[in-house]
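Structure first, then comments.
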Amino acid sequence: MKISDIKNKISAGALDSALKCECSVSEDKILSERERYINAADKFKEIYGETDGVRIFSVGGRSEISGNHTDHNHGRVIAASVNLDILAVAVPTDDSTVRIKSEGFPEDVVDEKLCAATSAELFYTSKSIIAGMQRAFLDAGYKIGGFNAYTVSNVLKGSGLSSSAAFEVMVGNILNYLYNDGNVSNTEIAKMAQFAENKYFGKPCGLMDQTACAVGGFIAIDFEDPASPVIESIDFDMTKAGYSLCIVNTGGNHADLNEDYASVPSEMKSVAQIFGRDVLRGITSDELITRAADIRTKAGDRAFLRAMHFTAENERVAAQADALRQGDIDAFFDGVRNSGNSSFKYLQNVYTTKNVAEQGLSLALCITENYLAEKRAACRVHGGGFAGTIQAFIPIADTDEYKSLMDSVFGKGACYALSIRRAGAIELKL
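Just so you know, we're using my numbering here: the sequence shown kicks off at 540 and counts up by one.
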């Protein structure tokens, strides 16, 4: 299909049903989404010309719902795809070169030969992600080929919604539909994206972000065997239940926090080593308490507290997943509140001790808890912590008021009201 035909069809509403049903776009946002897709098509034509065979793809961002700092010790998590996405207008080419122009960034040009081996020179670049995804497809026995693509993302960086994972999955999504007839499962694409980030991008990461972006909806993931995590979709409609998922960006400074983030898994694992294990999974709270004196001496008090957080949080995730399956929103919210309480007191990732005067997350949680005091709702720290964002499940009827309150404290646009996106990585058919 040519760009001119795509624009005409989008203008006539040909994408509306998919945007509502698959991407969870609300009725009042449909016209703006049409314009967003049409603008992307125009930009594609401006860069790559009026060519035939053009197709459209979408991958959502993700939110961590429960399981704060559990995956790296082989624990459980709940995550969900959200209705902010990266969209791509793409066309296959006759050569082996991938060209991706992302809005606001220089064009990436990656020849197939680049994927033959990792290169430290490409670490931390989007080119390395593209090459890594090509390599992963080849290693799995799938086809790859060249394509031109223009991408636009409203998955905001620094929001804890995983814009990088969405990009990784998008590259795999395009390769899947252009060259493999859509036969590669989204779970496989997520694992390939993790491979690309670990081996080609140069960043060790778990599988939660990529899986949530790729699979869509609510998902429970058990990393007891990280090589073969158990991934289960949970059929629960948060919007139908009457709630928005609000993410509040407190604007905290992420600089110099690497040591804070690294200390969490390393301290947890230092406790595991006292038990002769590599990770905490399989160690109970009772076992930790029995050896508390030994742990204090060998690993320190904070390590003990973080280990206690892990054991409780891992069980909490399982209970919250059950609550969602049963449609028990009150039990789920109890888990959200308890997770937030444990994260603040035991995990201790709500603010950094390097700058105790700056406690944006603490402030956001304080104001939110005060606002929700008489409401059936809940909040907690979101993602890695120390700076960044909190999440709050807010009754839809109160969402505008809550957004205004948080924006008045943290700046206009600080609060994003989201829905859980039903679909994962998809091609949007016209």
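Even glycine gets a Cβ: it sits at the ideal position worked out from N, Cα and C.
- Lysine 541 sits close to glutamate 589, with the two beta carbons spaced by under 7 Å.
- Here the alpha carbon of asparagine 719 sits roughly 26 Å from the alpha carbon of phenylalanine 757.
- Glutamate 603 places its beta carbon 7 Å or farther from that of glycine 927.
- Within its own chain, the residues whose Cβ lies closer than 6 Å to the Cβ of tyrosine 800, once the five positions on either side in sequence are excluded, are Gly923, listed in chain order.
- Separation of the CB atoms of asparagine 715 and valine 754 is rounded to 14 Å, and the pair is thereby denied contact status at 8 Å.
- With a threshold of 16 other beta carbon atoms within 10 Å, valine 895 falls short and is exposed.
- Taking the C-beta atoms as reference points, asparagine 712 is found nearer than 7 Å to valine 598.
- A distance below 7 Å between beta-carbons, with the five flanking residues on each side excluded, links threonine 657 to the following residues of its chain, in chain order: Lys738 and Tyr739.
- The beta carbon of valine 564 is closer than 8 Å to those of Leu558, Glu572 and Asn622 in its chain, skipping five residues each way along the sequence.
- The C-beta distance from alanine 732 to glycine 600 rounds to 14 Å, too long to fall under 8 Å, and the pair is not in contact.
- Around alanine 579, the same chain offers Leu626, Val628, Tyr689 and Val691 as residues with beta carbons nearer than 7 Å, after the five sequence neighbours per side are excluded.
- The beta-carbon distance between asparagine 607 and leucine 911, rounded to whole angstroms, is 19 Å. This is too long to meet the 8 Å contact definition.
- For aspartate 544, the number of other beta carbons within 10 angstroms of its own is below 16, and it is reported as exposed.
- Contact between isoleucine 773 and arginine 864 holds: their C-beta atoms lie close to 6 Å from each other, under 8 Å.
- DSSP places cysteine 785 in no alpha helix (DSSP H) but in the uninterrupted beta strand (DSSP E) bounded by 782-788.
- Here the C-alpha atom of serine 958 lies approximately 28 Å from the C-alpha atom of lysine 640.
- According to the DSSP assignment, valine 621 belongs to the beta strand (DSSP E) that extends over 615-631.
- Here the region 609-620 lies against the region 855-870, with 3 or more beta-carbon pairs under 8 Å apart.
- Under DSSP, serine 602 shares a beta bridge with Ala619.
- Straight through space, the alpha carbons of threonine 636 and alanine 659 are spaced by roughly 21 Å.
- Of the residues assessed, proline 743 falls on the exposed side of the cut-off, its CB having fewer than 16 other CB atoms within 10 angstroms.
- Here alanine 780 is not near glutamate 771, since their CB atoms are 7 Å or more apart.
- Aspartate 869 and phenylalanine 644 have their alpha carbons spaced roughly 44 Å apart.
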